[in-house]
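Data first, discussion second: the structure below is written as structure tokens.
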Amino acid sequence: MVLTLIFAVMISLQVNVNAAEEIPGETLKQEIENLKGLVSALQKTSELNSLKIYSLEKISEDQQRIINQQRAILEKLLVENHGLKNKQQISVLNQANRTFRPEVNQKNGTLRPEVNQRNGTIRTDIGKHQKYGDSGDIRTLKERMQITESRYERLLSEPATVLPVAFYAYMSAPATYSQNHHVLVFDTVKTNMGNSFHHTTGVFMVPTPGLYAFTWTIREYNGSHHSVALVVNNEEYGAVYQNSHALDYDECSTTVVLPLNHGDDVYLRTRVGGGDGVIVSNSYGRSSFSGWKIN
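In this text, residue positions in the sequence shown follow the working numbering: the first is 33, and each later residue adds one.
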């Protein structure tokens, strides 16, 4: 636009110069002053446009810097979350080791005297047969002793019972859930074997891979209604819907069985457009969430 105006001024100047002989001096002087004013205005416009371009470039740089900062914060949070899950897994394994180490030691203490006694008897028999030259019986006794030792090692190597994983929690009081994708919180925990259910967030963090079962119950009253889904890492795996009648209690339950990996997040949340009113939980009936590892 500025270049177009400057080009127009140049043409105007050329026309005025060509016609200078026909224009009186005062008129020509006025035309030149007008053109000077126009050029000055164009220069100011160009300067303003340059300032605007600089400002836009500055804003773009600031926005890019903010994006980079937010990306760095997000990456840091992801690393911290992964570290937290690893610490929880180590804690579970340490607890399992503390729980079943006495069982292994007890098994060792029970079997070792028995093995020693049998081997002592076999060695005595070997000595007797060596004295009388019964080489065939000696080989049989040695084989028996090897079998006894092998059985002892096999019994010690048998894996101890795996630490169970299970939880059961419910809402201590009625709660209003009217927003989409609202995570339900079950603040009263009655069972939490493996310490993987977090009552403040309502999230179960899978401690070990395997097959898991989950069940949940939702109670409604006086026209309230909700659709609640089981979610694993932001993907729905099942849902229930309950619409209560006026001045009446209604409830529904369901169960889901699915394989999970270590570190998966499992929780309940309201579905899009599927909730309004109060989810009821009291001494007459609880809105609850349960889960356990099958194998």
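By construction, the Cβ of each residue, glycine as well, lies at the ideal position given by its N, Cα and C atoms. Fair warning: this is a prediction, and the values are worked out from it, not measured in the lab.
Inset, instruction - May I ask you to verify whether the region 290-298 touches the region 198-207, counting CB pairs closer than 8 Å and requiring at least 3? - result: no
Inset, instruction - Assign Pro145 to one of three DSSP states: helix, strand, or coil. - result: By one-based count along the sequence shown, residue 145 stands at place 113. Residue state, collapsed to three classes: helix.
Legend entry - Closest by C-alpha distance to Glu268, when choosing among Glu283, Asn254 and Tyr299: Within the sequence shown, numbered from 1, the residue matching residue 268 stands at position 236. Out of Glu283, Asn254 and Tyr299, Tyr299 has the C-alpha closest to the C-alpha of Glu268.
Legend entry - Extent of the continuous beta strand (DSSP E) to which Asn275 belongs: As a working note, residue 275 is residue 243 in the sequence shown. Residues Glu267 to Asn275.
Legend entry - Distance, Gly234 Cα to Gln274 Cα: If you number the sequence shown from 1, residue 274 lands on position 242. If you number the sequence shown from 1, residue 234 lands on position 202. So the two alpha carbons sit approximately 20 Å from each other.
Legend entry - Sequence-distant residues of its chain with Cβ nearer than 7 Å to Gly255 (five each side left out): If you number the sequence shown from 1, residue 255 lands on position 223. Around Gly255: Ser276, Ala278 and Gly309.
Legend entry - C-alpha gap between Leu80 and Arg103, whole angstroms: By one-based count along the sequence shown, residue 80 stands at place 48. By one-based count along the sequence shown, residue 103 stands at place 71. Their backbone Cα atoms lie some 34 Å apart in a straight line.
Legend entry - Where Asp282 falls: helix, strand or coil (DSSP): The residue you call residue 282 lines up with position 250 of the sequence shown. Strand.
Inset, instruction - State the CB to CB distance for the pair Arg303 and Ser259, rounded to an integer number of angstroms; the pair is presumed to be in contact (CB under 8 Å). - result: As a first step, residue 303 is located in the sequence shown; it is residue number 271 there, counting from the start. As a first step, residue 259 is located in the sequence shown; it is residue number 227 there, counting from the start. Indeed, because the Cβ distance is near 4 Å, the residues count as touching under 8 Å.
Legend entry - Asp297 in three-state terms, based on DSSP: Counting from one through the sequence shown, the residue named residue 297 turns up at place 265. Three-state result, Asp297: strand.
Inset, instruction - Look up Tyr209 in the DSSP assignment and say whether it is helix, strand or coil. - result: Numbered from 1 along the sequence shown, position 177 holds the residue referred to as residue 209. Tyr209 falls in the coil class under three-state DSSP.
Legend entry - Delimiting residues of the beta strand (DSSP E) encompassing Phe321: The sequence position of residue 321 within the sequence shown is 289, counting from 1. Looking at the DSSP string, the run of the beta strand (DSSP E) that includes Phe321 is Ser320 to Lys325.
Legend entry - Contacting residues, own chain, Cβ-Cβ under 7 Å from Phe229 (five flanking each side not counted): Against the sequence shown, residue 229 aligns to sequence position 197. Phe199, Ala201, Val221 and Phe236.
Inset, instruction - Report the partner residues of Thr223 according to the DSSP bridge assignment. - result: Within the sequence shown, the letter at position 191 stands for residue 223. DSSP lists Tyr200 as partners of Thr223.
Inset, instruction - Check the C-beta distance from Ser210 over to Arg251 and give it rounded, since I have them as a contact under 8 Å. - result: By one-based count along the sequence shown, residue 210 stands at place 178. By one-based count along the sequence shown, residue 251 stands at place 219. About 16 Å; that fails the 8 Å criterion.
Legend entry - Rounded separation between Gly306 and Ser87 - CA only: Reading the sequence shown from its first residue, position 274 is the one you call residue 306. Reading the sequence shown from its first residue, position 55 is the one you call residue 87. Taking the straight line from one Cα to the other gives about 47 Å.
Inset, instruction - In angstroms with no decimal places, state the Cα-to-Cα distance between Trp324 and Glu112. - result: By one-based count along the sequence shown, residue 324 stands at place 292. By one-based count along the sequence shown, residue 112 stands at place 80. Going from the Cα of Trp324 to the Cα of Glu112 covers about 26 Å.
Legend entry - Cβ distance (whole Å) where Val197 is taken to contact Pro239 below 8 Å: The residue you call residue 197 lines up with position 165 of the sequence shown. The residue you call residue 239 lines up with position 207 of the sequence shown. Their Cβ separation, rounded to whole angstroms, is 6 Å, which keeps Val197 and Pro239 in contact under 8 Å.
Inset, instruction - Taking all protein chains shown into account, decide if Tyr316 is buried (16 or more other Cβ within 10 angstroms of its Cβ) or exposed. - result: Reading the sequence shown from its first residue, position 284 is the one you call residue 316. Burial call: exposed.
Inset, instruction - Using the Cα positions of Asn266 and Asn212, report the straight-line distance between them to the nearest angstrom. - result: As a working note, residue 266 is residue 234 in the sequence shown. As a working note, residue 212 is residue 180 in the sequence shown. Going from the Cα of Asn266 to the Cα of Asn212 covers about 13 Å.
Inset, instruction - Label Ala261 either buried or exposed according to how many other C-beta atoms from any shown protein chain fall within 10 Å of its C-beta, with 16 as the threshold for buried. - result: Against the sequence shown, residue 261 aligns to sequence position 229. Counting Cβ neighbours within 10 Å, Ala261 comes out buried, since at least 16 surround it.
Inset, instruction - Report the rounded CA-to-CA distance for Gln75 versus Leu109, giving the unit in angstroms. - result: Along the sequence shown, read from residue 1 onward, the residue named residue 75 stands at position 43. Along the sequence shown, read from residue 1 onward, the residue named residue 109 stands at position 77. Distance between the alpha carbons of Gln75 and Leu109 is about 51 Å.
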